[in-house]
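Residue numbers (the numbering used here), protein chains in the order written: chain C, 233 to 401; chain S, 4 to 292.
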Amino acid sequence: MLARNETIFKWLLYGLATLLCFLVQAVLQRFTFWGVIPFLYPLLPAVVSAYEGTTSGAIYGLAVGVACDLLLPGPIPCFYTLVFPLVGLCSALIAQSLLPAGVLCSLVVSVPAFLLTDGFHCFLLWTGGQSAWPTGGSVMIREFCVSVILVLPVTWLFASVFRRTRFDN
Amino acid sequence: MKNFLKNHGLWILFAAAVISVALAVLSFFSSTSSPLTNLAGILASPFRAAYTEIATWFNDKQNYYKDTTALEAENAALKRRIAEMERAVRQGEEASAENERLWQLLNLHRRREDFQFEPAFITEHTVTNWTSSLTLDKGTKHDVAVNDCVIDETGALVGVVSKVGYNWCTVLTIADTDTSLGAQVFRTKDLGLAVGDFALMGGNRLRLDYLPAGCQLVAGDLVQTSGLGVYYPSGLTIGSVDEVQVDDSGSVSYAILAPAADFDQLTEVFVITSFDDVVIPADDTAAEP
Numbered sequence: 233m234l235a236r237n238e239t240i241f242k243w244l245l246y247g248l249a250t251l252l253c254f255l256v257q258a259v260l261q262r263f264t265f266w267g268v269i270p271f272l273y274p275l276l277p278a279v280v281s282a283y284e285g286t287t288s289g290a291i292y293g294l295a296v297g298v299a300c301d302l303l304l305p306g307p308i309p310c311f312y313t314l315v316f317p318l319v320g321l322c323s324a325l326i327a328q329s330l331l332p333a334g335v336l337c338s339l340v341v342s343v344p345a346f347l348l349t350d351g352f353h354c355f356l357l358w359t360g361g362q363s364a365w366p367t368g369g370s371v372m373i374r375e376f377c378v379s380v381i382l383v384l385p386v387t388w389l390f391a392s393v394f395r396r397t398r399f400d401n
Numbered sequence: 004m005k006n007f008l009k010n011h012g013l014w015i016l017f018a019a020a021v022i023s024v025a026l027a028v029l030s031f032f033s034s035t036s037s038p039l040t041n042l043a044g045i046l047a048s049p050f051r052a053a054y055t056e057i058a059t060w061f062n063d064k065q066n067y068y069k070d071t072t073a074l075e076a077e078n079a080a081l082k083r084r085i086a087e088m089e090r091a092v093r094q095g096e097e098a099s100a101e102n103e104r105l106w107q108l109l110n111l112h113r114r115r116e117d118f119q120f121e122p123a124f125i126t127e128h129t130v131t132n133w134t135s136s137l138t139l140d141k142g143t144k145h146d147v148a149v150n151d152c153v154i155d156e157t158g159a160l161v162g163v164v165s166k167v168g169y170n171w172c173t174v175l176t177i178a179d180t181d182t183s184l185g186a187q188v189f190r191t192k193d194l195g196l197a198v199g200d201f202a203l204m205g206g207n208r209l210r211l212d213y214l215p216a217g218c219q220l221v222a223g224d225l226v227q228t229s230g231l232g233v234y235y236p237s238g239l240t241i242g243s244v245d246e247v248q249v250d251d252s253g254s255v256s257y258a259i260l261a262p263a264a265d266f267d268q269l270t271e272v273f274v275i276t277s278f279d280d281v282v283i284p285a286d287d288t289a290a291e292p
């Protein structure tokens, strides 16, 4: 078990890496590819949870969700706060039972990450009386395709933090 | 040699004297140069030509260098001047565009003196694929509040403030799925509800729902805010009818609207922070561009 100061150091590094990803997203959202903006945020809880497990991953997802809800407009005030812990939990379970954490695992867990996030968007639009499933499905597929490339740098970044903190341990 | 000069010296001197006299006589009576001068000139001519060629070449090179240096300096000065003029032209164009915007706003303000405007710059356009929003650089510090309408300089409705902070606010455009506005067709006076539709949002379009049965809409009809309910001011241009969807009975089901404001091209907008519930005459709004 890590000492308290080592745990603080580890999550400080994760926090800095997350901040870097937020800055990258701020740049990416000015560009449109295939009619959609690349969306980095669902990848963060998915990748980190694959390395850190269910509890830590879900808490990290909660924190990222709160940050996203504060920064992004959403259909409901706590949209990302609800979805991202689920994404983290799902990714951690996949990493524990199917694939060890790594690039391949990150690619696999990014699928449920986008399914949950965009599926919840579609569901809320549908409950609001919008016929969102066909258009939402199209947006989800395109968003996944243009964002999945970002799995590689995101995984490299968080894997570096993970290795560094394990080495310290 | 000494004997030779001793024996023939007088003869040589005599021959030289005879030749000199002959040359002098020839020079005196000839219209051209003397033969010796002529001969010297003939012999010197190629050297003169060569010297002249070299001097000319040297002068050319010298002049070329001087000209090139002067031209380079002149070119640099002209480039600086062009850059300054281009900058001045750009400033002029920006000032002209701003002037035009402000004139249009002034015209709008003349028509709607009850409006209190807060000009704002757009700091961020849409940030996710599921909303159509703008972030502005004005907030509660500038009396901006939730549900304030945001228009462009022509008076076209851009959206409604959904979140507001101290020096920022988020505006959901009229194409967003969370936007819903009371609307009126300018020509027919039919009332409806302009709502964002996710399937249309990507193409910057919205729906006009709840139209009365038998409503006779045509493409191009102007749609404005109705002002009913006093939530939003009346007479703001939402857009024009792009397409009319007719159900099986032949009555209009709903219309697809093209917003008058181009959200992607906007840089500056105006938040209506205050207005009176005064419905203006229709003729006045018709003059709106």
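We treat Cβ as the ideally placed atom computed from N, Cα and C, and that holds for glycine.
Please tell me whether residue i has its Cβ less than 9 Å away from any Cβ of chain S.
i, result
"Ile326/C", "no"
"Pro274/C", "no"
"Asp350/C", "yes"
"Asn401/C", "Residue placement at Asn401/C cannot be trusted, given a pLDDT of 45 that sits under 50; the coordinates are not used to answer."
"Ala290/C", "no"
"Ala345/C", "no"
"Ser392/C", "no"
"Arg236/C", "no"
"Ser342/C", "no"
"Leu255/C", "no"
"Leu252/C", "no"
"Arg398/C", "no"
"Arg262/C", "yes"
"Val383/C", "no"
Kindly indicate if chain C contains any beta-carbon less than 9 Å away from that of residue i.
i, result
"Phe201/S", "yes"
"Glu87/S", "no"
"Lys166/S", "yes"
"Thr173/S", "yes"
"Asp265/S", "no"
"Ser256/S", "no"
"His112/S", "no"
"Glu246/S", "no"
"Ala289/S", "Residue confidence is low: Ala289/S scores 41 on pLDDT, short of 50, so the model does not pin down where it sits. No coordinate-derived value is stated."
"His128/S", "yes"
"Val272/S", "no"
"Phe124/S", "no"
Which residues of chain S have a Cβ atom closer than 9 Å to the Cβ of residue i, listed in chain order?
i, result
"Val371/C", "Asn132, Trp133, Phe201, Gly205"
"Val380/C", "Ordered by position in chain S, no residue passes the 9 Å Cβ test against Val380/C, which lies about 15 Å from the chain."
Between residue i and residue j, is the Cβ-Cβ spacing less than 9 Å?
i, j, result
"Leu231/S", "Gly242/S", "no"
"Gly162/S", "Thr176/S", "yes"
"Thr276/S", "Val174/S", "no"
"Ala249/C", "Phe390/C", "yes"
"Phe201/S", "Gln257/C", "no"
"Leu348/C", "Cys322/C", "yes"
"Val310/C", "Gly320/C", "According to the sequence provided, residue 310/C is Cys. The question's Val does not apply to it. For Cys310/C and Gly320/C, no; Cβs fall outside 9 Å."
"Pro317/C", "Pro277/C", "yes"
"Ser183/S", "Leu196/S", "yes"
If you follow the alpha helix (DSSP H) that residue i is in, where does it begin and where does it stop?
i, result
"Pro317/C", "311 to 329"
"Phe273/S", "First-last for Phe273/S: 271 to 277, but that is the beta strand (DSSP E), not the alpha helix (DSSP H)."
"Leu244/C", "236 to 260"
"Leu382/C", "Segment: none, Leu382/C is in no alpha helix (DSSP H) and carries neither H nor E."
"Val341/C", "335 to 359"
"Val298/C", "286 to 303"
Return the first residue and the last residue of the beta strand (DSSP E) that residue i is part of.
i, result
"Ala186/S", "183 to 188"
"Phe120/S", "119 to 127"
"Lys166/S", "160 to 167"
"Val153/S", "152 to 154"
"Leu137/S", "136 to 139"
"Leu272/C", "Neither: Leu272/C is in no beta strand (DSSP E) and is coded neither H nor E."
"Gly195/S", "194 to 199"
Name, please, each residue of chain S whose Cβ falls closer than 8 Å to the Cβ of residue i.
i, result
"Thr367/C", "Phe201, Ala202, Gly205"
"Phe271/C", "Thr131, Asn132"
"Gly267/C", "Gly205"
Please compile the residues from chain C whose C-beta is within a distance smaller than 9 Å of the C-beta of residue i.
i, result
"Asp181/S", "Pro305, Pro307, Gly360"
Applying a beta-carbon distance threshold of less than 7 Å, which residues of chain C neighbour residue i?
i, result
"Ser136/S", "Pro305"
What residues of chain S sit near residue i, judged by a beta carbon separation below 7 Å?
i, result
"Glu375/C", "Asn132"
"Ala364/C", "Phe201"
"Leu357/C", "Thr180, Phe201"
Of all the beta strand (DSSP E) runs that stay within the bounds of the region 204 to 266 of chain S, which reach a length of 3 or more residues?
Counting only runs of 3 or more, we get 209 to 212, 225 to 228, 240 to 249, 255 to 262.
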